[in-house]
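Letter by letter, the sequence shown follows residues 1 to 524 of UniProt numbering.
In what follows, a structure is listed as structure tokens, so that the remarks can point back to it.
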Amino acid sequence: MSGGLTPDEQQTIEMTGAVGYYENRQEAEKKENAGKSAPSPVKKEGWTFRGSKILAVLSSLRLAISLFLILAFLTIFGTFIEQGRDAPFYIAGYGEKWGGWIVRLKVDDIYHSWYYVSLLTILCINAVSCVYNRFPITLRSMFHEKVNVSREFLKKQREFADLSIPSSRFPAGPGDYLKTVLSSKRYKVTEIRDGGDVVVFGHKGVMGRIGSHVAHMSVILILAGGLIGSLLGFRLFGTFYVHSTTFVPQGDFSLRVNKFWIDHYPNGMVKGFFSDVDVLKSGKIIDHKVISVNHPLETNGLRFYQASYGEAWDRVDKARILIVNKEKKQFLGQVMLKGGALSPAPGTDLSIKILRYVADFAFDPKTNSVYSKSEKSDNPAIQLGIYQNGKQIGSPWLFYNFPQIQVMKSLPYFFILGGYEAPMYTGLEVAKDPGVHVILAGSFLLVGGLFLSSFVYHRKLWVRAKENSGVWQLSVGGFGHKDKLGFEKEFNEIVQEIQAGQGSGTPLETMVSGAGPRKLAGET
């Protein structure tokens with residue numbers, strides 16, 4: 001299928017699209033070669049057939065829509081389920097059954113899962129196949145314009161008109177005037193002579209033809225950026241406590257939270273939450289930032305996003321312990337325990353400290369271990385370390401909701417959890433995405449492609465003028481790739497201007513392909 005396109009072929013491409021054109025052309029070639037012997041080897045034909053089938057599947061719109069829907073569905077999980085946490089977090093938050101499935105199916109890091117990356121890769125191949133399948137044909141029709149066309153070709157256009165104008169109106173021929181009319185409408189104009197005939201061709205908005213292809217290329221860039229980010233980047237969630245310093249191995253630095261606070265509206269609703277942080281390296285502050293929603297910290301190639309906040313479910317800052325003498329049922333006093341510091345118990349010869357805290361106490365008999373089955377403070381409990389003469393003699397659990405439960409029967413004292421203060425944490429999402437600049441470039445390209453596709457319309461218009469017996473017979477035809485109504489209006493204006501600029505000729509008729517003649521506005 002080499003060589004230039006004929007006018008009829010070019011019109012077929014414009015009217016039905018490149019795919020339909022080549023299907024028709026291949027069908028014609030099959031009929032033409034029906035009586036001829038099949039070329040050898042047969043395997044080559046079979047491979048060509050299979051290759052075209054594979055390309056058709058890979059470039060199909062149905063495949064693209066299916067992939068988009070599946071990816072959108074999977075992204076829902078990545079949006080509502082915190083990413084990058086450890087297994088105990090999901091078991092505590094969703095229960096042992098569902099938490100286990102979240103970890104096994106890689107939903108805890110879905111954007112880096114093998115199936116998510118595979119779907120992105122297939123979608124990228126789909127976009128590349130679409131461009132490969134259609135873009136060369138579009139380029140060919142854009143830059144191989146047929147200027148010298150026949151009246152029969154013009155009659156096949158969406159818009160067509162015949163004009164008869166006395167030769168006296170164009171003493172030097174109609175070419176210069178026709179070029180002036182089309183140029184005033186911003187057409188790029190070419191004039192040729194075909195014997196005694198004059199052919200003027202104009203076109204504009206050629207870049208509008210590649211708008212959809214630019215959009216496809218932008219999708220390829222965006223998907224490529226996503227794949228780069230999935231393979232070379234990461235997105236993790238970290239819990240950071242005020243006045244604590246946490247080492248970030250991915251950046252080889254430490255992050256210290258100086259302050260965390262919440263702003264509220266007058267009605268009490270949360271207005272925003274903020275984290276004042278320092279970035280430390282070798283003990284020195286190398287960066288500082290107040291992080292808030294949509295205002296991340298960017299340092300050493302990493303981004304820290306303000307993602308959430310809450311009350312710690314695995315630690316407390318303070319706990320108030322009440323001591324009661326069992327036999328005398330006498331209140332001996334209370335002590336405020338701070339962190340893991342050892343403090344004397346009033347009225348006794350013992351010292352006590354906080355060993356552990358869980359927000360929602362649960363016991364696993366299989367592993368003989370205590371864990372928090374959720375992040376909610378539904379059954380808060382503190383494990384108390386009891387010491388005598390510097391030696392630990394017990395480590396009972398004290399339950400805030402069930403103070404009557406006392407494990408150590410041998411001691412003459414009751415220890416009651418009278419209150420506690422769990423520290424607030426700031427939840428920061430730590431992300432590294434080396435593909436973000438590729439995605440940004442693709443996004444700009446997408447906007448450009450949509451603009452070209454939506455607001456730039458490729459239009460072509462021909463005028464063939466033939467002088468016969470003192471009258472110029474003008475055949476005017478053309479079509480617009482999009483915005484048919486807009487081109488119809490412009491076509492009528494051009495035809496009227498051609499006639500009006502040189503005085504009135506014979507009655508003017510405009511014929512739309514397949515619709516028969518109709519009068520222009522203003523005619524009687």
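Every residue, glycine too, gets a C-beta built ideally from N, C-alpha and C.
Computed from a predicted model, the values in this text were never measured in an experiment.
(message) Along the chain, where does the beta strand (DSSP E) containing ALA362 start, and where does it finish?
(response) By one-based count along the sequence shown, residue 362 stands at place 362. Segment 361-364, the beta strand (DSSP E) holding ALA362.
(request) Sort LEU139, GLY283, ILE323, TRP462 by Cα distance to VAL214 and report the nearest one. (result) Translated into positions along the sequence shown, residue 214 becomes position 214. When each option's Cα is compared against that of VAL214, the closest is LEU139.
(request) Might you give, ordered along the chain, the residues of its own chain that have their beta carbon closer than 8 Å to the beta carbon of GLY418, omitting 5 neighbours on each side? (result) For the purposes of this step, residue 418 is identified with residue 418 of the sequence shown, where counting begins at 1. Result list for GLY418: ARG320, ILE321, LEU322, GLN334, in chain order.
(request) Determine the direct distance from the alpha carbon of PHE361 to that of LYS338, and round the result to whole angstroms. (result) Here residue 338 refers to the residue found at position 338 when the sequence shown is read from its first residue. Here residue 361 refers to the residue found at position 361 when the sequence shown is read from its first residue. Rounded to whole angstroms, LYS338 to PHE361 spans 21 Å at the Cα level.
(message) Can you look up HIS295 in the DSSP assignment and give me helix, strand or coil?
(response) On the sequence shown, residue 295 is found 295 positions in, with the first residue counted as 1. Correct three-state label for HIS295: strand.
(request) Would you check whether the ligand PLP has a heavy atom nearer than 8 Å to the C-beta of LYS53? (result) The ligand PLP is absent from the structure shown, which contains no ligand whatsoever.
(request) Measure the Cβ-Cβ separation of PHE444 and SER212 and say whether it is below 9 Å. (result) By one-based count along the sequence shown, residue 444 stands at place 444. By one-based count along the sequence shown, residue 212 stands at place 212. Not closer than 9 Å, so no.
(request) Would you mind reading off the limits of the beta strand (DSSP E) that contains LEU398? (result) If you number the sequence shown from 1, residue 398 lands on position 398. 397-399 is the extent of the beta strand (DSSP E) around LEU398.
(request) Measure the C-alpha to C-alpha separation of GLY173 and HIS144 and round it to an integer number of angstroms. (result) If you number the sequence shown from 1, residue 173 lands on position 173. If you number the sequence shown from 1, residue 144 lands on position 144. Distance between the alpha carbons of GLY173 and HIS144 is about 27 Å.
(message) For LEU119, report the span of its alpha helix (DSSP H) as first-last.
(response) Indexing the sequence shown from 1 puts residue 119 at position 119. Segment 114-143, the alpha helix (DSSP H) holding LEU119.
(message) Along the chain, where does the alpha helix (DSSP H) containing MET217 start, and where does it finish?
(response) Numbered from its first residue, the sequence shown carries residue 217 at position 217. First-last of the alpha helix (DSSP H) with MET217: 211-232.
(message) Less than 6 Å between C-beta atoms, sequence neighbours within five positions excluded: which residues of the same chain meet that for VAL358?
(response) Sequence index remark: in the sequence shown, residue 358 carries index 358 (1-based). The answer, listed in chain order, is SER372, ALA381.
(message) On the DSSP letters alone, give me the boundaries of the alpha helix (DSSP H) that TYR177 sits inside.
(response) Start at 1 with the first residue of the sequence shown, and residue 177 comes out as number 177. Element bounds for TYR177: 175-184.
(message) Pairs of beta-carbons, one from the segment 104-114 and one from the segment 78-87, closer than 8 Å: are there three or more?
(response) yes
(request) Enumerate in chain order the residues of its own chain whose CB-to-CB distance from LEU64 is below 6 Å, with the five nearest sequence positions on each side excluded. (result) In the sequence shown, residue 64 corresponds to position 64, counting from 1. The residue asked about is misnamed: residue 64 is Ala in this sequence, not Leu. The residues are ASN126.
(request) State the Cα-Cα distance for the pair GLY283 and ARG256, rounded to the nearest angstrom. (result) Taking the sequence shown and counting its residues from 1, the one referred to as residue 283 is at position 283. Taking the sequence shown and counting its residues from 1, the one referred to as residue 256 is at position 256. Spanning the two alpha carbons is a distance of roughly 11 Å.
(message) As a quick exercise: from VAL189, GLY301, TYR305, ILE286, pick the residue whose alpha carbon is nearest that of HIS295.
(response) As a first step, residue 295 must be located in the sequence shown, where it is residue number 295. Of VAL189, GLY301, TYR305, ILE286, the residue nearest in Cα terms is TYR305.
(request) Could you tell me how far apart the beta carbons of ILE490 and LYS185 are, in whole angstroms, since I believe they sit closer than 8 Å? (result) Working through the sequence shown from its first residue, we reach residue 490 at position 490. Working through the sequence shown from its first residue, we reach residue 185 at position 185. According to the sequence as given, residue 490 is Glu; it is not Ile. About 7 Å separates the two Cβ atoms, so the contact holds.
(request) Can you grab the Cα-Cα spacing for the pair ALA224 / SER369, in whole Å? (result) Translated into the one-based positions of the sequence shown, residue 224 becomes position 224. Translated into the one-based positions of the sequence shown, residue 369 becomes position 369. Going by the C-alpha atoms only, they are around 46 Å apart.
(request) Answer yes or no: do LEU461 and GLY202 have a C-beta to C-beta separation smaller than 9 Å? (result) Residue 461 sits at position 461 when you count from the first residue of the sequence shown. Residue 202 sits at position 202 when you count from the first residue of the sequence shown. Yes.
(request) Please classify SER275: is it buried, with 16 or more other beta-carbons within 10 angstroms of its beta-carbon, or exposed? (result) Locating residue 275 in the sequence shown gives position 275, where the first residue counts as 1. By the neighbour-count rule (16 or more Cβ atoms within 10 Å), SER275 is buried.
(request) For the segment 233-305, list the beta strand (DSSP E) runs that are entirely contained and at least 3 residues long, ordered along the chain. (result) Counting whole runs of 3 or more residues, the segment 233-305 contains the beta strand (DSSP E) stretches 234-241, 245-248, 253-264, 270-281, 284-291, 297-299.
(request) For my contact list, LEU154 and ILE498 are in at a C-beta cut-off of 8 Å; report their separation, rounded to the angstrom. (result) Counting from 1 along the sequence shown, the entry for residue 154 is found at position 154. Counting from 1 along the sequence shown, the entry for residue 498 is found at position 498. In fact, because the Cβ distance is near 14 Å, the residues do not count as touching under 8 Å.
(message) With a threshold of 7 Å on Cβ separation, who are the neighbours of PHE240 within its own chain once the five nearest residues in sequence on each side are excluded?
(response) Along the sequence shown, one-based indexing puts residue 240 at 240. For PHE240, where only same-chain residues beyond five positions count, the Cβ hits under 7 Å are THR246, LEU255, VAL257, TYR425, THR426, LEU428.
(message) Beta-carbon within less than 8 Å of THR348's beta-carbon, same chain only, minus the 5 sequence neighbours each way: which residues are those?
(response) Locating residue 348 in the sequence shown gives position 348, where the first residue counts as 1. Taken in chain order, the residues that qualify are ILE323, LEU332, TYR413.
(request) Tell me PHE415's beta-bridge partners as DSSP assigns them. (result) Here the question's residue 415 lines up with position 415 in the sequence shown. Answer by DSSP bridge pairing, in chain order: ILE323.
(message) Let's see if you can read the secondary structure: which residues bound the alpha helix (DSSP H) around TYR94?
(response) Counted from its first residue, the sequence shown places residue 94 at position 94. Note, TYR94: alpha helix (DSSP H), 87-104.
(request) Return the CA-CA distance between TYR21 and LYS156, expressed in angstroms with no decimal places. (result) Here residue 21 is taken as the residue at index 21 of the sequence shown, counted from 1. Here residue 156 is taken as the residue at index 156 of the sequence shown, counted from 1. Because the pLDDT at TYR21 is just 46, under 50, the model does not fix this residue reliably, and the value given afterwards should be weighed accordingly. Each residue's Cα considered, the two are about 16 Å apart.
(request) Go ahead and label residue 525 buried or exposed: buried means 16 or more other beta carbons lie within 10 angstroms of its beta carbon, across all protein chains shown. (result) In the structure as shown, the chain starts at 1 and stops at 524, and residue 525 therefore has no counterpart that could be examined.
(request) Could you name the residues of the same chain whose beta carbon sits closer than 8 Å to that of ILE70, not counting the 5 residues immediately before and after it, in chain order? (result) The residue given as residue 70 occupies position 70 in the sequence shown. Excluding residues within five positions, the ones whose Cβ falls inside 8 Å are LEU119.
(message) I'd like the list of long-range same chain contacts for PHE68, defined as Cβ closer than 8 Å, with 5 residues on each side in sequence excluded.
(response) Numbered from 1 along the sequence shown, position 68 holds the residue referred to as residue 68. Around PHE68: LEU123.
(request) Let me know the secondary structure DSSP gives MET336 once reduced to three states. (result) Residue mapping note: residue 336 aligns to position 336 of the sequence shown, counting from 1. Three-state DSSP puts MET336 in a strand.
(message) Is the separation between the beta-carbon of ASP433 and that of GLY229 shorter than 9 Å?
(response) Locating residue 433 in the sequence shown gives position 433, where the first residue counts as 1. Locating residue 229 in the sequence shown gives position 229, where the first residue counts as 1. At a Cβ-Cβ threshold of 9 Å, ASP433 and GLY229 count as neighbours.
(message) From the DSSP secondary-structure annotation, give me the bridge partner or partners of LYS391.
(response) For this step, residue 391 is matched to residue 391 along the sequence shown. GLN388, per the DSSP bridge assignment.
(request) Give the secondary structure of ILE201 by DSSP, where H, G and I count as helix, E and B as strand, and everything else as coil. (result) The residue labelled residue 201 in the question sits at position 201 within the sequence shown. It should be pointed out that residue 201 corresponds to Phe in this sequence rather than to Ile. Here PHE201 sits in strand by DSSP.
(request) Can you tell me which of GLU467, VAL495, GLY478 puts its alpha carbon nearest to the alpha carbon of SER168? (result) Here residue 168 is taken as the residue at index 168 of the sequence shown, counted from 1. Ranking GLU467, VAL495, GLY478 by Cα distance to SER168 puts GLU467 first.
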